[in-house]
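Engineer: Protein chains in written order, with our numbering: chain A, 1 to 161; chain B, 162 to 917; chain C, 918 to 1209; chain D, 1210 to 1358. Please see the structure below; I have some questions.
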Amino acid sequence: MTEISMRVNGENRTVNVEDYWLLADVLREKLGLTGTHLGCEHGVCGACSVMVDGEVVRSCLMLAVQADGTEVTTVEGLGDPDHMSPVQEGFMQEHGLQCGFCTPGLIVTATHFLKENPHPTRQEVREALSGNICRCTGYQHIVNAVLRAADEGEKKAPSPR
Amino acid sequence: MDQIGRSVRREEDRRLTTGRGRYVSDIVEGNMVQLAFVRSSRAHARITGLDFTKAQSMPGVVGIFGPKDMGEAIKPLSFGPPPESAMEPTMPCPLADGVVRHVGEPVAVVVADNRYIAEAAADACEVEYETLPAVADVQEARKNQVLVYPERGTNVAAVVTRKTGDGEAALKRAAHIVQETFTIPRVVGHPMEPRAVVASFDPVTGRLTVEAATQGAHTVKMGLAAVLDLAPEKIRVVVPDVGGGFGVKNRIYSEDAVAAWLAIRLGRPVKWAGDRLEEFLATNQGRDQVHTASLGVDEEGRIVALADHFLQNVGAYTPEPLIVPAQTATCLPGPYRLPNFEATVEVVFTHTPACAPYRGAGQPEATFVMERLLDRAADAVGIGRDEIRRRNLVRPEDMPYENGIIGRDRQPVTFREGDFPGTLETVVEALRVGTSPDDGKLRGTGIIDFMEVSGGVLFEICRLELGRDGVVSLFTGTSSQGQGHRTSWAQIAADRLQVPMDQVRVVEADTDTVPMGLGTFASRSTITAGNAIVQAVAPFLDKCREEVAALWEASPEDVLWEDGFFRLAGVADRAMDLRTLAVSRPLDAPLVEASAQFMDANTSFGMGCHGVRVAVDPETFQISIEDYVICHDAGVRVNPLLAEGQVFGGTVQGLGTAWYEALRFDAQGQPLNTSFMDYLVPGSAEMPDFRLVKRDFPSSSNPEGLKGLGEGGTTAAGAAFASAVEDALRPFGVKITSLPVTPASIFAQVKGGVRP
Amino acid sequence: MKPLPFRYMKPQTLDEALEALGSGEDAKVLAGGQSLVPLLNMHLARPALLIDVNALEGLSTIEPSDAGLRLGTLVRHQTLLTSSEVRRAVPLLAEAAALIGHEAIRARGTVGGSIAHADPAAELPMVAIAKRATIGIRSASGSRRVPAEEFFIGYLMTSLGPDEIVEDVLFPMAPSPSGSAVEEFSERHGDFALVAVAAELSLGEDGRVARAGVAVAGAGPAPAAAREVEAALIGQASPEGVRATAKAVAADIAPEDDLHASASYRKHLAEILAARALERAWQRAKAASEAR
Amino acid sequence: MGPVVINGQTTLNAAQEIVWKVLQDPDALKNAIPGCDELTEIEPDTYKATLKLGVAAVRGTYVARVQVADQVAPSQYRLRINGSGGTGFVDVDGTVRLTATGSDTTAVEYEFDVNVGGTIAGVGQRMLSGVAKFMMGEFVKSMEKQIPK
């Protein structure tokens, strides 16, 4: 057991972890942040994406002990049901999710992407999200959601229904 | 307040987008233990020894159990007979009883403080096998040299025939006969959330509570009652947020039974949260058919006859041996006028995981075969691929058109509404728009028709209950894995009750709330639950009317229901809405509730058309989709945005099978690509933006005109993609007869062929 | 899919790391973890000790010198993409890095990790071979440099000893004017390449190819140097001539049939991709030459 | 895809009788089988062994039964290795044939089927054939080294 301290979603958290536990499991099981999902546990599906020190990482490919001293942002830290972030709002408005299991990873990835590229094209969005597998939506509404968030709701998104 | 037809946003999205969902794997209960299964590494073997010594002593291990420990509970899993069951299901025992029949079959289970310890202990369990000969390929299995069940003497589990007109004999009268062998691969459903279950037992009440990631709460309840010999009323199954289903979560599985058994035995809450590898090995899979089919047409390309003989690999255990192949046989004729037809399917056991209904459940296979044959026939006759379809589609003037084949509702397949040729023209026109750059790539188009068979499978119950707060609770046995039922069901109820949507609370898939439910599968939920909701409204309002009458000391006949208000006939200022009624009732007044059971006796058929344009690199054979037009008759669209999501998502899942997905086995039954690195599923960069053209025809088969639409995209995509790629590759003479269509598979054909 | 228990250490100095690595315990080095952790999760790797080298000082540097561009073992893939130093000195690296997985992978994955893992389809080992890079290796008993071509010996197999660590990779700079290009074929965006080709050409005074480095990934148990192609390139002076040398690539590679592609398809792809990479490299070299 | 088939031949500079003896010798077997730390005879010509197999980071421990069978001295025998461990199993079955090509030279021909199952088969396909060939190469090289000069 090793004691680690992280700043998670703006709060200092100290927790004892086994050295071989993945960051994803520590977030989920020790810190109760179950918004981060495990879809494949081999770094392909992207459901477990979180931000560590501002970079998007797969939390299934990082040991929790490696996150000691870092700043971690999970989907819970981006907004809450009453104060959704533009990306979260975009997903809701554009029906960018169905079962919602891949959604937290996509929202984290998209949020980071829009910070780097605030005015992307559709294809740029598609490429930026290509490391996140969604099995339900067919991606089109997700792309709409990200573009809507990029434009904060108006111009590039498809016409309102 | 018209709610039906509005693209209402889903309330659950506030939770799901902010990480506040509650999936089974998120559930934590005090004193909870977690499971990991020891799974067979052999496809076929006798288990000659289990040694848990090393594993048992690991700190944090609570116990390790083999089949002998389960005693009476070691018997094949079961659940109610499926609607079309000419054959008994062949189900596994919760833990393999002496013999394993596919890689990944559970052999023993580890209970531990957490999943890390459980996995490490499972890894340390030693299983001694006597390896037996195995067979994985359906054509090999058909030879009966290696038997999955020696006592049966054959691997052929069943033979099913569908026939109309002169059947195969009529082929002789055709001017052109095209014949081909088609292969549809084994694919894995892969909802993003792997299967999971939490079971807990209350020794005081003797009740078992199970939270499961399932499509059918009652299915799991009845299955657990059977395997554990418990009275059904002692079991409650509740379904929290579920991360996708696609048909493969519509069963009871060994892990459910083991978790429930352990919860009772240990008296502690038990969680099993499966992982991706287990999803590859231990969740029912789909497709895996080989067809040899012939289509005969006359000089003008009009269909004379279709004959098909095909094999269905059902794996080693099969919950519903006939549903998929029977549906394929039924759907082969598609939306066409087809006077003579004969299909025979042999259902074959192999040493592979169960192959069972997966999104489309037989329809994508049928559509692929029929549409490929039509493409061939068009070439043989020398007419366009769209033209041959134009000449054969059922026309409005033919309706109701009965094609003579008995469908899953046990009635002849009957097309009652729609304008099939009109739908085709719409897509042909739409696809014509748009140009391609002159970049040396080969381009081709595919335009195919399909049918979406929806509903026609038994019943659902809807119960409406007026709460003290005025909120109407709506209970059904359906189960949402992303379809957004909470929103759609509330829309239907709010529409008919004339209340705002937030005055309806939908409670789905809790076996304590409705006596029975079939669950969500077969594109049936909107039709079956939707009609049940509407049918529950009238008796519910009648009850309310009686209550209002009592309050007003009037006769119920004088209480009218108008625009969301109860009014007293002839008294202008007497009005009361549901909320006022709820709070006005005396505390000791009986509950206001009403139920309706809607039996969906008639299948609804939605016709659609997909048009695709692809570009193929003539050197590498890399494929890209440049345009994709969809027209999909969805009947009455309760929520157009959610409906669109189902169509797009379904189509991409179909493109998965069309373009990438195939689970491969070696001759010994070892699966060879059980990771997302080697089993590819569609990603965002390659998938197209779909253009949806709407032409909807309310169903004549149910009162509300509803149709399902979750499977049509999956049904159509493979045929459309194959047609377009083949069209693009005409200079190479490539013939696409199997899926997936990969650059490597194209190269394999081109290698021996001629370059343009 | 959770890692089996192991001991973890995060040394602060290279000596400390090397000492642990040389202790005889079944140890693995953890850098970015993008290849190792999936193996841990699947129980395919079961080390007793994991040595996390991420805290080691001085291993994340990018140093240009006369000898070339020296990349510390901990330089992240994403840095290769964004560093102007890298783009200027070894544009091939920047172009190849853009093809590595997805941003979440590039943010963690390291140069040394990719080199030491030696996946035959990976981009950086291929570029190392095309560039005739040398791998700087350290152990408790000393250091050595190994040419990339001798370093990669088979599927995930390298000449790295169990007590050794990759310290840096030195990419020699091409004599100018030069041009380079990478071509990669994968079924989906971000996947490991089915086949990839990296090429760099330098032109002589006479405008002909004077020096060539070509390597192929995904077409054998290790990334391969395309020596036959390189030889054929010398003296070429036209895009057609450069393209035509790609035919020789078949002699340089030995792919096998696997789940994703047949050996013959891989050979076919190698030839097509080599032709495309060479033509682009040629055009860039030509442009560089004209700009002088 | 079936089993990985590995075959090859080599010529050793020793008389056939000597080669035969070495190839039958449990100590030589132990030294030659990759990752084999101990080999215990459990019945005649049958041994129990613990094998550490793999390359680089990919390694697993397998409890194995090693069997030498169907001996036709001094020219041919069958070698079977059935190993199983946490990540699956490895079954090797093949025949080694010796032919004297001179008084001090012997041709050794071998053909082995390697069957791998379990997780490693499902997630490690890309590497299996290469790794199997590599290990068989190691086996042969090690045997060669053990022939007395």
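Idealized CB from N, CA, C, for every residue including glycine.
For L816(B), which three-state DSSP category applies?
Structural biologist: Against the second sequence, residue 816(B) aligns to sequence position 655. Helix, per DSSP.
Engineer: At the 8 Å Cβ level, is R1197(C) part of the contact set with chain A, yes or no?
Structural biologist: Stepping through the third sequence from its first residue, residue 1197(C) is reached at position 280. Proximity of R1197(C) to chain A, defined by a Cβ-Cβ separation below 8 Å, is not satisfied.
Engineer: In chain C, what lies closer than 8 Å to S49(A) by C-beta?
Structural biologist: Numbered from its first residue, the first sequence carries residue 49(A) at position 49. Here the neighbours are A1021.
Engineer: If we count the other Cβ atoms within 10 Å of its Cβ and call it buried at 16 or more, is S884(B) buried or exposed?
Structural biologist: Counted from its first residue, the second sequence places residue 884(B) at position 723. Flag for S884(B) reads buried.
Engineer: Specify whether the stretch 819-838 of chain B and the stretch 799-811 of chain B touch according to this definition: at least 3 beta carbon pairs, one from each stretch, less than 8 Å apart.
Structural biologist: Cβ pair count under 8 Å is below three, so no.
Engineer: Starting from W713(B), trace the alpha helix (DSSP H) in both directions and tell me its first and last residue.
Structural biologist: Taking the second sequence and counting its residues from 1, the one referred to as residue 713(B) is at position 552. Note, W713(B): alpha helix (DSSP H), 686-713.
Engineer: Scan the stretch 440-523 of chain B and note each continuous beta strand (DSSP E) run of 3 residues or more that stays entirely inside, going in chain order.
Structural biologist: 446-458, 464-476, 501-510
Engineer: Taking 8 Å as the CB-CB limit, is Y1182(C) close to chain B?
Structural biologist: Here residue 1182(C) refers to the residue found at position 265 when the third sequence is read from its first residue. A Cβ of chain B is located within less than 8 Å of the beta carbon of Y1182(C).
Engineer: On a Cα-Cα basis, can you pick out the residue from Y478(B), F882(B), E280(B) that is closest to L196(B)?
Structural biologist: The residue you call residue 196(B) lines up with position 35 of the second sequence. Among Y478(B), F882(B), E280(B), the Cα nearest to that of L196(B) is on E280(B).
Engineer: Here's the rule: buried if 16 or more other CB atoms are within 10 angstroms of the residue's CB, otherwise exposed. What is K410(B)?
Structural biologist: As a position in the second sequence, residue 410(B) is number 249, starting the count at 1. Under this definition K410(B) is a buried residue.
Engineer: Beta-carbon separation of A755(B) and L867(B) under 8 Å?
Structural biologist: In the second sequence, the residue the question calls residue 755(B) occupies position 594. In the second sequence, the residue the question calls residue 867(B) occupies position 706. No; because the gap between Cβ atoms is not below 8 Å, this pair is not in contact.
Engineer: Would you say T326(B) and G565(B) are within 8 Å of each other, going by their C-beta atoms?
Structural biologist: Against the second sequence, residue 326(B) aligns to sequence position 165. Against the second sequence, residue 565(B) aligns to sequence position 404. It should be pointed out that residue 326(B) corresponds to Gly in this sequence rather than to Thr. Contact: yes.
Engineer: Look up D969(C) in the DSSP assignment and give the residues it is bridged to.
Structural biologist: On the third sequence, position 52 is the one that residue 969(C) refers to. D969(C) is bridged to L947(C).
Engineer: Report the residue ranges of all beta strand (DSSP E) runs contained in full by the stretch 723-777 of chain B; include only those spanning at least 3 residues, in chain order.
Structural biologist: Counting only runs of 3 or more, we get 726-729, 732-737, 753-760, 765-777.
Engineer: Cβ of A504(B) within 8 Å of Cβ of T681(B)?
Structural biologist: Within the second sequence, the letter at position 343 stands for residue 504(B). Within the second sequence, the letter at position 520 stands for residue 681(B). The answer is no: Cβ separation not under 8 Å.
Engineer: Would you mind stating whether T1270(D) and T1255(D) have Cβ atoms separated by less than 8 Å?
Structural biologist: The sequence position of residue 1270(D) within the fourth sequence is 61, counting from 1. The sequence position of residue 1255(D) within the fourth sequence is 46, counting from 1. The Cβ atoms of T1270(D) and T1255(D) lie no closer than 8 Å to each other.
Engineer: Here's a check: name, in chain order, each residue in its chain whose Cβ is nearer than 6 Å to the Cβ of L293(B), leaving out the five neighbours to either side.
Structural biologist: For the purposes of this step, residue 293(B) is identified with residue 132 of the second sequence, where counting begins at 1. These residues qualify, in order along the chain: H205, A206.
Engineer: Classify A1204(C): buried if its beta carbon has 16 or more other beta carbons within 10 angstroms, exposed otherwise.
Structural biologist: Counting from 1 along the third sequence, the entry for residue 1204(C) is found at position 287. Counting Cβ neighbours within 10 Å, A1204(C) comes out exposed, since fewer than 16 surround it.
Engineer: Taking the CB atoms as reference points, tell me whether P352(B) and F441(B) lie closer together than 8 Å.
Structural biologist: Counted from its first residue, the second sequence places residue 352(B) at position 191. Counted from its first residue, the second sequence places residue 441(B) at position 280. It is not a contact, given that the beta carbons lie outside the stated cut-off.
Engineer: What residue range does the beta strand (DSSP E) around P430(B) cover?
Structural biologist: Translated into the one-based positions of the second sequence, residue 430(B) becomes position 269. Segment: none, P430(B) is in no beta strand (DSSP E) and carries neither H nor E.
Engineer: Report the neighbours of M353(B) on chain A: residues whose CB is nearer than 8 Å to its CB, in chain order.
Structural biologist: As a first step, residue 353(B) is located in the second sequence; it is residue number 192 there, counting from the start. Ordered by position in chain A, the residues that pass the 8 Å Cβ test against M353(B) are H37, G39, C45, A47, C99, F101, C102, I133, C134, R135, C136.
Engineer: Verify whether the separation of the beta carbon atoms of T1296(D) and L961(C) is less than 8 Å.
Structural biologist: Position 87 of the fourth sequence, counted from the start, is the residue given in the question as residue 1296(D). Position 44 of the third sequence, counted from the start, is the residue given in the question as residue 961(C). Yes, they are a contact pair.
Engineer: Just to check my reading of the structure: V125(A) and A64(A) have Cβ atoms closer than 8 Å, yes? What is that Cβ distance to the nearest angstrom?
Structural biologist: Working through the first sequence from its first residue, we reach residue 125(A) at position 125. Working through the first sequence from its first residue, we reach residue 64(A) at position 64. With a Cβ gap of about 31 Å, V125(A) and A64(A) do not count as contacting.
Engineer: Quick one, are the C-beta atoms of P573(B) and E416(B) less than 8 Å apart?
Structural biologist: Position 412 of the second sequence holds residue 573(B). Position 255 of the second sequence holds residue 416(B). No, Cβ-Cβ distance for P573(B) and E416(B) is not below 8 Å.
Engineer: Beta-carbon within less than 6 Å of P700(B)'s beta-carbon, same chain only, minus the 5 sequence neighbours each way: which residues are those?
Structural biologist: Position 539 of the second sequence, counted from the start, is the residue given in the question as residue 700(B). The residues are A755.
Engineer: Taking only runs that begin and end inside the stretch 1161-1198 of chain C, name each unbroken alpha helix (DSSP H) of 4 or more residues, in chain order.
Structural biologist: none
Engineer: Just checking: is the beta-carbon of G1244(D) within a distance shorter than 8 Å of some beta-carbon in chain C?
Structural biologist: For the purposes of this step, residue 1244(D) is taken as residue 35 along the fourth sequence, with counting starting at 1. G1244(D) does not count as touching chain C.
Engineer: Within 10 angstroms of the Cβ of T342(B), are there 16 or more other Cβ atoms? Answer buried if so, exposed if not.
Structural biologist: Position 181 of the second sequence, counted from the start, is the residue given in the question as residue 342(B). Exposed, by the Cβ-count rule.
Engineer: For the stretch 921-955 of chain C, enumerate the residues whose C-beta is nearer than 7 Å to any C-beta of chain D, in chain order.
Structural biologist: K945, L953
Engineer: Going by DSSP, name the residue or residues bridged to Y1286(D).
Structural biologist: Residue 1286(D) sits at position 77 when you count from the first residue of the fourth sequence. Looking at the DSSP output, Y1286(D) shares a beta bridge with V1305(D).
Engineer: Looking at the secondary structure, which residues open and close the beta strand (DSSP E) in which D1279(D) lies?
Structural biologist: Numbered from its first residue, the fourth sequence carries residue 1279(D) at position 70. Following the DSSP letters along the chain, one finds D1279(D) inside the beta strand (DSSP E) bounded by residues 1267-1281.
Engineer: Counting along the chain, where does the alpha helix (DSSP H) carrying S1076(C) start and finish?
Structural biologist: Indexing the third sequence from 1 puts residue 1076(C) at position 159. It is not in any alpha helix (DSSP H) - S1076(C) carries neither H nor E in the DSSP assignment.
Engineer: L931(C) and L973(C) look like a contact to me (Cβ under 8 Å); what is the Cβ gap, rounded to whole Å?
Structural biologist: What you label residue 931(C) is simply residue 14 of the third sequence in a count that begins at 1. What you label residue 973(C) is simply residue 56 of the third sequence in a count that begins at 1. The beta-carbon separation of L931(C) and L973(C), rounded to 5 Å, stays under the 8 Å limit for a contact.
Engineer: Three or more beta-carbon pairs under 8 Å between the stretch 285-302 of chain B and the stretch 504-524 of chain B, yes or no?
Structural biologist: yes
Engineer: Can you pull the chain B neighbours of L33(A), defined as C-beta to C-beta under 9 Å?
Structural biologist: Looking up residue 33(A) in the first sequence gives position 33. Going along chain B in sequence order, the residues near L33(A) (Cβ under 9 Å) are G180.
Engineer: Would you grab the beta carbon distance between S640(B) and A670(B) for me? Rounded to a whole angstrom, and I think it's under 8 Å.
Structural biologist: Residue 640(B) sits at position 479 when you count from the first residue of the second sequence. Residue 670(B) sits at position 509 when you count from the first residue of the second sequence. About 4 Å separates the two Cβ atoms, so the contact holds.
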